[in-house]
Amino acid sequence: MGDEEENLLSPDEEEDDMHKHHLLGSASKRLLVIFCVINMINYIDRGAIASNGVNGSPRVCTTGVCSHGTGIQGDFDLTNFKDGVISSAFMVGLLLASPLFASLAKTYSLTLVYTCSINPFRLIGVGLSVWTFAVAGCGISIDFWSITICRMLVGVGEASFISLAAPFIDDNAPATQRTAWLGIFYMCIPTGIALGYVYGGWVGDAFGWRYAFFGEAILMLPFAILGFVMKPLQMKGFSPAGSKSSLKTPETNVIEVEVIKTDKDVPVLNQSSNKPSSSGLVRFWEDIKALLLEKIYVVNVLGYIAYNFVIGAYSYWGPKAGYSIYHMNNADMLFGGITIVGGIVGTLAGGFILDRMNSTIPNAFKLLSTATFFGAVFCFSAFCFKNLYAFIVFFLIGEILVFATQGPVNFVCLHTVKPSLRPLSMAMSTVSIHVFGDVPSSPLVGVIQDNINNWRTSALILTSILFLASGIWFIGIFLHGVDRYNEDSEHPDTSVERSNTTPLLDDKTAKTPVASTSAEL
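Okay, so the sequence shown: first residue is 3 according to our numbering, each after it adds one.
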């Protein structure tokens, strides 16, 4: 009888609990919005550098008379191959920095609740600061090598964000809407690229290509600062070692949490606990091995590589190919419009459809394979038409189908590994799709075009690789896999104590029974 009374809440306590959960939900939505805006600015940069207004056109010599060219390609007298190298240069920084930031997030998540010296948001702040200065550096570059180095540093800055954003969103999304929330986040990729086409075309034509980069730096600066002032938020799968006082009873399934409102409330551990151990590198390679042993994860990433090989080259060469094949005077605006509509409709539809189908790994592969196959059919057919309007209709349908993969493919990346490996799984997935996907695709398409000098044929060769992506994902349907989202963390015996930094209580340390936590934004 006494136990039953302890488990009952008074009406006032129930109302207070509902109010807290409402605020936690609002904080989660604000987190999603912030991450979406940052992601969109990242991809506005990708679209801007590919736009005709920023990228420009090369110098052309006819009958002894040479034009000066326009944009980056004209100012620095670049071949199509060198132009493609610039588009891919940031991937070098992304390759080197993504595993590093993912490893740091894992190393320091175990102590971030107590020390607040390094936490994922501050890692994001560091990365976005590098991104901001690197983009500004692109605007003052003087030649091919200087802008290439700045593009590499842009990749370093982006690495801190891409490894951590998706796990945070997956943690905070409602259970029945996880794929939809991921779809909203990844919708910012095509939307950002499309806005970048329009933004780069307008700013480049009106003020000059350098000012497009200065504008991007100004847009990102507030979010770089925000990364340093946001309070810590623990990710699923990382239990802080040495937690002091937390209770979890089977009867109530309630976690007693020490609410931390300011850095002054944070207990200080022995400073040696923050020093990376000599076994850190060994643990990193063990984690990499664990990822490679996950067959479903590997198949998913292989399909994603083939997919991104095509999408990366589309995003960079699309406006230029459209201008050449169909003599579009407004290629930036047209490709931007198609990408916005196709990206928004396709990405949101893919996430919502998978949630309706019941978000399972086999269902995700079914959706990936089917959508990519029919998307490839429509995109391939589009480039076969000589009529511009037929091209627009077929390419738009193809883009909608192709972009429907964004939510499901990242759902598989997050749910085929144990929670503590999710940041690394996202980092290695991103590194792989860039290193083997859009990094080589842009220069290779440039080489093909330099040799055959026919954009229609180059586009058809590129689009055919989408059929390969569909086939790889089709194999995933028949692989047995387990959703590991709710698998115990790597410290199952440690009591779980998480920081609640939502603006729910006064600025003092208090102990409050809650079911879940989020971050103050």
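Built from N, CA and C at the ideal position, the CB exists for glycine as well.
Here the alpha carbons of Val231 and Val447 stand approximately 43 Å from one another.
Only residues of its own chain outside the window of five on either side were considered, and among them Leu33, Leu34, Phe37, Trp183, Leu184, Phe187 have a CB closer than 8 Å to the CB of Ile171, listed in chain order.
Excluding sequence positions up to five before and after Ala175, its CB lies within less than 8 Å of the CB of Ser30, Leu34, Ala182, Trp183, Leu184, all in the same chain and listed in chain order. For Leu80, same chain residues with a beta-carbon under 8 Å away, outside a window of 5 residues either side, are Pro60, Ile74, Ile88, Phe146 in chain order. Between the segment 396-415 and the segment 336-350 there are three or more C-beta pairs closer than 8 Å, enough to call the two in contact. Under DSSP, the beta-bridge partners assigned to Thr72 are Ser59.
By the CB criterion at 7 Å, Ile467 and Ser460 fall outside the cutoff. Just so you know, the alpha carbons of Gly55 and Thr178 end up roughly 43 Å apart. Taking all protein chains in view, the Cβ of Asp85 is crowded by 16 or more other Cβ atoms within 10 Å, so the residue is classified as buried.
With a threshold of 16 other beta carbon atoms within 10 Å, Trp211 meets it and is buried. The Cβ neighbour count for Phe480, taken over all protein chains shown within 10 Å, is under 16; the residue is labelled exposed.
Exclusion of the five residues before and after Ile142 leaves Arg212 as the residues of its chain whose Cβ lies within less than 8 Å of its Cβ. Judged by their CB atoms, Leu462 and Phe354 are not nearer to each other than the 7 Å cut-off. Segment contact: the segment 279-299 against the segment 415-432, three or more CB-CB distances shorter than 8 Å; contact assigned. When C-beta atoms of the segment 213-223 are compared with those of the segment 437-446, fewer than three pairs fall below 8 Å, so the two segments do not count as touching. Shown here, Asn44 sits in a helix according to DSSP, grouped into three states.
Using a Cβ distance threshold of 7 Å, Phe367 and Gly478 count as a contacting pair.
Fully enclosed alpha helix (DSSP H) runs of no fewer than 4 residues occupy 146-164, 167-174, 180-208 of the segment 142-219, in order along the chain. In the three-state reduction of the DSSP assignment, Tyr325 falls in the helix class, which pools H, G and I. Following the DSSP letters along the chain, one finds Thr459 inside the alpha helix (DSSP H) bounded by residues 457-465. Relative to Ile454, the option among Phe476, Arg180, Asn82, Ser53 whose CA is nearest is Asn82.
For the options Ser105, Gly198, Trp133, Phe405, the alpha carbon positioned closest to that of Phe92 is the one of Trp133. Its chain contains Ser53, Gly55, Val56, Gly73, Ala214 as the residues whose beta carbon lies nearer than 7 Å to that of Gly206, once the 5 sequence neighbours on both sides are disregarded; these appear in chain order. Gly58 places its beta carbon less than 7 Å from that of Gly76. Ala99 and Gly157 do touch by the CB rule: their CB atoms are close to 7 Å apart, below 8 Å.
If you look at Lys368, you'll find it in the alpha helix (DSSP H) that goes 363-386. A buried status is given to Pro445, since no fewer than 16 other beta-carbon atoms sit within 10 Å of its beta-carbon.
For Arg424, the uninterrupted alpha helix (DSSP H) run begins and ends at 424-435, by DSSP.
Met232: not part of any alpha helix (DSSP H); DSSP gives it neither H nor E. In the structure shown, Asp452 falls within a helical segment according to DSSP collapsed to helix, strand and coil. Restricting attention to Pro192, Val200, Asn41, Leu197, the CA atom closest to the CA of Leu130 is found in Asn41. Under the 10 Å beta carbon count, Asp334 is surrounded by 16 or more other beta carbons and is classified as buried. Using a C-beta cut-off of 8 Å, the segment 403-416 makes contact with the segment 302-309, since at least three inter-stretch Cβ pairs fall below that distance. For Gly439, there is no enclosing alpha helix (DSSP H), as DSSP marks it with neither H nor E.
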